[in-house]
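The working numbering applies: residue 400 is where the sequence shown begins, and numbers increase by one. Below is one structure, written out as structure tokens; the observations come after it.
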Amino acid sequence: MSDFQRWDDAGHGLDADTRVKPKRPPMYKVLMLNDDYTPMEFVVHVLERFFGKSRDEASQITVHIHRRGVGECGVFTYEIAETKMTQVMDLARENQHPLQCMMELA
Numbered sequence: 400m401s402d403f404q405r406w407d408d409a410g411h412g413l414d415a416d417t418r419v420k421p422k423r424p425p426m427y428k429v430l431m432l433n434d435d436y437t438p439m440e441f442v443v444h445v446l447e448r449f450f451g452k453s454r455d456e457a458s459q460i461t462v463h464i465h466r467r468g469v470g471e472c473g474v475f476t477y478e479i480a481e482t483k484m485t486q487v488m489d490l491a492r493e494n495q496h497p498l499q500c501m502m503e504l505a
């Protein structure tokens, strides 16, 4: 048997080149939307807590969201992005803020 061949369970020789390489999962941006009611300090807190941003970075993103209407919080796999979105909106709802997030393919 050559170095480039291996045997499957049925005893058939398989070329090493036939192995399938796993694909990277698609990535999603978590975007936060501006509203006229959620305090900027709350948005900064959310960015620090759920997205691991420093105080300065969170403040810059918050100002960007305020001025542009939308800002990117981070890029994650689908499940992580969905979880972070849910955490943000749950905390906002608990604090009676209308803060909204959305996801889009990166």
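Ideal placement from N, C-alpha and C gives every residue a C-beta, glycine not left out. These numbers come from a predicted model, not from an experiment.
Would you check if the distance between the CB atom of residue i and the CB atom of residue j is smaller than 7 Å?
i: Q480; j: Y427; result: A quick correction: the sequence has Ala, not Gln, at residue 480. Going by C-beta atoms, A480 is nearer than 7 Å to Y427.
i: I528; j: L446; result: Residue coverage of the chain in this structure runs from 400 to 505, which leaves residue 528 outside it and unanswerable.
Taking the straight line between their C-alpha atoms, what separation do you get for residue i and residue j?
i: E503; j: T485; result: 15 Å
i: F450; j: K483; result: 8 Å
i: P425; j: N433; result: 26 Å
i: F475; j: L498; result: 20 Å
i: P421; j: K452; result: 31 Å
i: D455; j: R423; result: 31 Å
i: E493; j: V487; result: 10 Å
i: R418; j: R448; result: 41 Å
Once you ignore the five residues that flank residue i on each side, which residues in its own chain have a CB closer than 8 Å to its CB?
i: L430; result: V469, G470, E471, C472, C500, M501, M502, E503
i: A505; result: P425, M426, Y427, K428, V474
So, for residue i: in the same chain, excluding its five sequence neighbours on each side, which residues have a beta-carbon less than 7 Å away from its beta-carbon?
i: H509; result: Any question about residue 509 goes unanswered here, given that the chain covers just 400 to 505.
i: R466; result: none
Go through its chain and collect everything with a Cβ distance to residue i's Cβ below 6 Å, but skip five positions before and after it.
i: S458; result: V443
i: M439; result: T461
Quick one: is residue i buried, meaning 16 or more other Cβ sit within 10 Å of its Cβ, or exposed?
i: A491; result: buried
i: D489; result: exposed
According to DSSP, which residues form a beta bridge with residue i?
i: M502; result: V429
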